[in-house]
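Please read the structure below before turning to the comments.
There are 2 protein chains.
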Amino acid sequence: MIKPPQRLKELNKKKYEKVLKRSQVKIDEVIKVIIPIIKEVEEEGDEAVLRWTKKLDKVNLKREEIFVKEERIKEAYKRIKPEVLKALRRMEKQLKDFHIQQKRSNLISYRSFPDGGEYQLGQKFVPLERVGVYVPGGKGNYPSTVMMGVVPAKIAGVKKIILASPPSQNGEVADEVMVAADIAGADCLIKVGGVQAIAALAYGTQTIPSVDLIVGPGNIYVTAAKAYLSAIGKIAIDCPAGPSEILIIADESANSEYIAQDLLSQAEHDENACAVLVTSSEKLARNVYLYLKEKFVLSARKEIIEKSLGNYGAILIVDSLKEAVNFANEFAPEHLEIMTEKPEKIFDKINNAGSVFLGDFSPVPAGDYLTGTNHILPTAGAAKRFSGLSVDTFLKRLTFQSLSKEALSSISKDIITLASQEGPFEEHINAIKLRLHNF
Amino acid sequence: MIKPPQRLKELNKKKYEKVLKRSQVKIDEVIKVIIPIIKEVEEEGDEAVLRWTKKLDKVNLKREEIFVKEERIKEAYKRIKPEVLKALRRMEKQLKDFHIQQKRSNLISYRSFPDGGEYQLGQKFVPLERVGVYVPGGKGNYPSTVMMGVVPAKIAGVKKIILASPPSQNGEVADEVMVAADIAGADCLIKVGGVQAIAALAYGTQTIPSVDLIVGPGNIYVTAAKAYLSAIGKIAIDCPAGPSEILIIADESANSEYIAQDLLSQAEHDENACAVLVTSSEKLARNVYLYLKEKFVLSARKEIIEKSLGNYGAILIVDSLKEAVNFANEFAPEHLEIMTEKPEKIFDKINNAGSVFLGDFSPVPAGDYLTGTNHILPTAGAAKRFSGLSVDTFLKRLTFQSLSKEALSSISKDIITLASQEGPFEEHINAIKLRLHNF
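Written out as C-alpha cells, the structure reads:
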C-alpha cells in the first residue's frame, strides 16, 4: 500500500528519481517484436492483417468484415442504454464548444521596404487529408477516447477519419464505440487493433486506405509501432502515451477527502498508473494517508489500487507552495489538480502539465468526460516537450511569399552576399541577377 | 543530364513513382550504426563526445573547449566581411517581423450550463525551457540556418537556446556561424556535431545541458539520431529533413529562363537535390529544357547539377493546371514556385507544400535568406503531414478547467453514466458523489 507521508527534501536521490520516473514505457525493448509484423503488413496487406488478428486477438475475420457496416452501427444505437447515448451526445457538444475555439486563422501580411518595393507573406492552415484514430479494446471499451480523437480532427476539417479498434472475442466492436464514432463523425471504422492496425493505416492495404497521422493511446506494442513508423518518416503521430497519472498540489485549505478520493480514482485505472500528492500541510498529508488506508480496501479494484499506489504513489510534504510548484514543473504531470486557497496564482507558475484542474469542484473525471478539454495528453514527463491533442494536431501550416520586382531588388544585394558566403551558390545568385537585369 | 520533357500522363507507374520518391533518406538502415554512439554518450558523457569528435571530425578537442568562448565571438565580428554582417542583421530583422506574427494568445473561455453552473476552461501557451539548434558544418557553413532555428525559438520565449555545430579541422566553428548565433540570440554554442551532439543534447553531459527539443537539418546520421531519440520519447524534434527540393508549376505566361535558372539553383545544392517542373505549356517545357542543357555546363557546380537533375529532375507536361495542382499536392514539395497568370488562384488549391513562392519575382533564394519566412521545411513528401519550423515548434499548450459546484453538479450524471459504462470506474464515480453530497 501507499507509503506514509514523506518530506520531499528528505528523499534520497534514488527515491526522488523513482517518484519522477513512474512506470516508463520502454519502447526500445519491443521494437524488435513489432518490426516483422509491420513488414508483413507492408508487403502482404490485408492477408497479414487478418493473420495477425487471428493470432493475437483470436478472431477469425474475413476481408469483407474488416470495415464495420452501416447497419451494425444503426443497430448499436438501439442496443445501448439511452443514458449512455445522451451522455455521449452531451460530451460531443462540450468537446466541440471548446475545440472550435482552437481553430487557426490564416495570416496575410502586407509589407513594403523603406526604399520601396511591396511584398506579401503569410501562412495558411490546411487540415491533414486522412487520419487514423486508434482506440484500445480488450478489457474495456472506451467511447470517450473515440470522441477525444475524432472531434478535433473533424473540427480541423480532416476529409477522412478512420477509427481503428480491435474486435473482442465475438468478432465485434463494442456498441458504445460504434455509436461514439458515428456521433463524433468518423468516416469509417475498422475492426483491427494492435501493431497490425497501425501498420495497415501507415502503408494502406487492399481495403484500408493509408493515413498521414495516427493518434490515440494503445498498449506498448501499439505505442512502439507508432513511434517506429514516425521515426522513419512514414506517418506523423501524437505524443507517445503511457499509463495515466495525477499530481495534486494542495495547501492546508484543501479538503483531504477530495484529494484522497482523486488519488484513488487515478490509481484504479491501471497497476502502472501513478498518483502523487505534494502538499505544504503536514496535517493534510496525514489525513489523506489515513483516508486512503481506510478506503482502498473497500474498492472493487483494490488489487490494482494497492499495486499502483504502492509502486508509484507518494504523499510528499514541502515547506512552501513554491517548492510544490518547482516539483510539479519537474514532474510534468498528465493531470494536475491544484487545490489551494488561490489556485489561479499557482497555475500562473505552472509550465509543464497536460491538463490542469483548478479548485475543489474540478476533479479529473470531469475532464475525462465532460468539461470539453481533451483527455489525450502527454504522460511520463513528456508534458515538458509535448501538448495534448488539439485541433492543431490535425493541421499543417504552409508559408508563402509574393514579391514585387522592387521588393526583390531591395533585398537582392543581401541575398547575393549570403549566397556567396554560404556556397558559394552561384546559381542562386544567377536566379536573382537574371530577374533584375531582364526587366 | 535532365531528361527531355515528358507528358505526365504517359509516364509508366515505375517512372511516375520514381519522380515522386526522390532520394529518400533510409533512416532504418543507419539506426544500428548510431545506437552504440548514443549509448556511449548517455553513459560516459563528455568523454564519449570528445572521443567521437576525434574519430569522426578528426579534431582533438578538450572538455573546456566544447563551449565557444565569448571572446572568440567578439573576434569573429571583426573578422567577417561587413556586408555579411549587414546581411545577417537584415535577415534577423525580416525573420523577426514575420515570426512575431505567429505568436499565440492564451485562451480563457467563460461558460455556464443552461441549468446554471458557471465554469471556465482554456489553454495557455508556454515556451519549451531548453532547446538545441543543430547546424551542419563540413563542406560549407550555414549562418542562415542558424538564424532560421534560433529566431523563432527566441520569439517563443525559450529560456536556453544551445547551438551545436561540428568543428572544422582547425577545431573552430566558422566566424559567420558564431556571429549569426550571437545576432539571433543563442545562449551558447557548442563545437560538437554528428550523432554525438544530438545524444549529448538529449541526455546532457557533465558540461552540456539536456534539452527538450532539437531542431535543424543534418546528414543522415544526425537525422536518424534525432528520429530515434524522439521515437523513444527522450526528446521532441522538428520534422525529419532530407535533401532540398523544388517543384515549379507554370503555364504559357511564365518566363522559361527564370524557371530553368530556378531549377539549376535548386540542383546546385546537392547531388541528391530534386528539381521538377510541371507545366501546361509544351513550348515552355521545350524552352526550359534547351536553356538547362545550354547553361548547366557553365556552372561551377556542373557535376553536382548533372547528377541531381539526371537522377531526380523532370520536366513534366500536363493537359491543364488542374492536373498540375493534383500532381503538386501528391508530390508535396518543400519549395513550390507558382509562375502562372494568376498564381494566387493556384495557391488556393495547394494543400501540401512547405513554403510557396508566387509570381516571377519570388525565387526560392529570396525565401532562403531574406523574405522572413522560415527555410527549415519538410522534404520528401513530408509536407503532407508536417509543417516547417515556426514559433509553434517551440511552444506547448496546457489546457485547464475550473468548475463551480453547480457546474460539476450539472454534468455529474453524465460523468457517472460514462464512468459506469467504461470501467466501471467506481472511484471516479465516488470522486463526483463525495463532492456533491458533502457541500
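Sequence lines, in order, name chains A and B. According to our numbering, the residues represented by the first sequence are -16 to 422, in order. According to our numbering, the residues represented by the second sequence are -16 to 422, in order. By construction, the Cβ of each residue, glycine as well, lies at the ideal position given by its N, Cα and C atoms.
Below-8 Å beta-carbon distance, residue i vs any chain B residue
{"i": "residue 203(A)", "result": "no"}
{"i": "residue 340(A)", "result": "yes"}
{"i": "residue 0(A)", "result": "no"}
{"i": "residue 400(A)", "result": "yes"}
{"i": "residue -3(A)", "result": "no"}
{"i": "residue 295(A)", "result": "no"}
{"i": "residue 404(A)", "result": "yes"}
{"i": "residue -11(A)", "result": "no"}
{"i": "residue 62(A)", "result": "no"}
{"i": "residue 98(A)", "result": "no"}
{"i": "residue 228(A)", "result": "no"}
{"i": "residue 420(A)", "result": "no"}
{"i": "residue 147(A)", "result": "no"}
Residue i burial status per 10 Å Cβ neighbour count (16 or more: buried)
{"i": "residue 132(B)", "result": "buried"}
{"i": "residue 150(A)", "result": "buried"}
{"i": "residue 302(A)", "result": "exposed"}
{"i": "residue 73(A)", "result": "buried"}
{"i": "residue 228(A)", "result": "buried"}
{"i": "residue 324(A)", "result": "exposed"}
{"i": "residue -13(A)", "result": "exposed"}
{"i": "residue 367(A)", "result": "buried"}
{"i": "residue 88(A)", "result": "exposed"}
{"i": "residue -2(B)", "result": "exposed"}
{"i": "residue 319(A)", "result": "buried"}
{"i": "residue 91(A)", "result": "exposed"}
{"i": "residue 275(B)", "result": "buried"}
{"i": "residue 124(B)", "result": "buried"}
{"i": "residue 12(A)", "result": "exposed"}
{"i": "residue 167(B)", "result": "buried"}
Selected residue, minimal CA-CA separation from residue i, among the options
{"i": "residue 104(A)", "options": "111(A), 96(A) and 110(A)", "result": "96(A)"}
{"i": "residue 345(B)", "options": "392(B), 241(B) and -15(B)", "result": "241(B)"}
{"i": "residue 300(A)", "options": "311(A), 294(A) and 290(A)", "result": "311(A)"}
{"i": "residue 29(A)", "options": "315(A), 249(A), 340(A) and 179(A)", "result": "179(A)"}
{"i": "residue 121(A)", "options": "340(A), 202(A) and 93(A)", "result": "202(A)"}
{"i": "residue 204(A)", "options": "282(A), 117(A) and 283(A)", "result": "117(A)"}
{"i": "residue 56(A)", "options": "164(A), 234(A) and 259(A)", "result": "164(A)"}
{"i": "residue 258(A)", "options": "290(A), 135(A), 237(A) and -3(A)", "result": "290(A)"}
{"i": "residue 115(A)", "options": "175(A), 62(A), 107(A) and 71(A)", "result": "175(A)"}
{"i": "residue 373(A)", "options": "16(A), 12(A), 141(A) and -11(A)", "result": "141(A)"}
{"i": "residue 321(B)", "options": "190(B), 419(B) and 235(B)", "result": "235(B)"}
{"i": "residue 264(B)", "options": "111(B), 219(B), -9(B) and 59(B)", "result": "-9(B)"}
{"i": "residue 187(A)", "options": "26(A), 59(A) and 210(A)", "result": "26(A)"}
{"i": "residue 424(A)", "options": "189(A), 337(A) and 137(A)", "result": "In this structure chain A extends from -16 to 422, so residue 424(A) is not present and cannot be described."}
{"i": "residue 230(B)", "options": "394(B), 407(B) and 341(B)", "result": "341(B)"}
{"i": "residue 389(B)", "options": "113(B), 143(B) and 98(B)", "result": "98(B)"}
{"i": "residue 395(B)", "options": "106(A), 396(A) and 348(A)", "result": "348(A)"}
{"i": "residue -15(A)", "options": "272(A), 369(A), 61(A) and 317(A)", "result": "272(A)"}
CB contact check: residue i to chain A, cutoff 8 Å
{"i": "residue -15(B)", "result": "no"}
{"i": "residue 127(B)", "result": "yes"}
{"i": "residue 271(B)", "result": "no"}
{"i": "residue 356(B)", "result": "yes"}
{"i": "residue 109(B)", "result": "yes"}
{"i": "residue 183(B)", "result": "no"}
{"i": "residue 379(B)", "result": "yes"}
{"i": "residue 376(B)", "result": "no"}
{"i": "residue 73(B)", "result": "yes"}
{"i": "residue 255(B)", "result": "no"}
Quiz item: Touch check for the region 398 to 412 of chain B and the region 397 to 412 of chain A: three-plus C-beta pairs under 8 Å?
Solution: In short, these stretches do not touch, since the Cβ pair count stays below three.
Exercise. Give, in chain order, every unbroken run of the beta strand (DSSP E) that is at least 3 residues long and sits entirely within the region 353 to 402 of chain B.
Key: You should have 378 to 386.
Practice problem: Go through the region 267 to 344 of chain B residue by residue and report every complete run of the beta strand (DSSP E) that reaches 3 residues or more, in order. | Solution: For the region 267 to 344 of chain B, the continuous beta strand (DSSP E) assignments of 3+ residues that do not extend past its boundaries occur at 297 to 300, 318 to 322 and 338 to 341, in sequence order.
Exercise. Enumerate, from N- to C-terminal direction, the unbroken alpha helix (DSSP H) stretches of 4 or more residues contained entirely within the region 134 to 205 of chain B.
Key: The qualifying runs are 158 to 167 and 177 to 186.
Practice problem: Only counting runs of 4 or more residues, tell me where the alpha helix (DSSP H) segments fall wholly within the region 226 to 263 of chain A, in order along the chain. | Solution: Complete alpha helix (DSSP H) runs here, min 4: 239 to 250.
Quiz item: Would the region 277 to 295 of chain A and the region 247 to 263 of chain A be scored as touching if the rule is three or more Cβ pairs under 8 Å?
Solution: Touching, yes.
Quiz item: Okay, do the region -2 to 12 of chain B and the region 214 to 234 of chain B touch, 3+ Cβ pairs below 8 Å being the bar?
Solution: Between the region -2 to 12 of chain B and the region 214 to 234 of chain B, the count of Cβ pairs shorter than 8 Å is three or higher; the stretches touch.
Quiz item: Counting pairs of Cβ atoms below 8 Å between the region 343 to 363 of chain A and the region 77 to 86 of chain A, do you hit three or more?
Solution: The answer is yes - the region 77 to 86 of chain A touches the region 343 to 363 of chain A, with three or more Cβ pairs under 8 Å.
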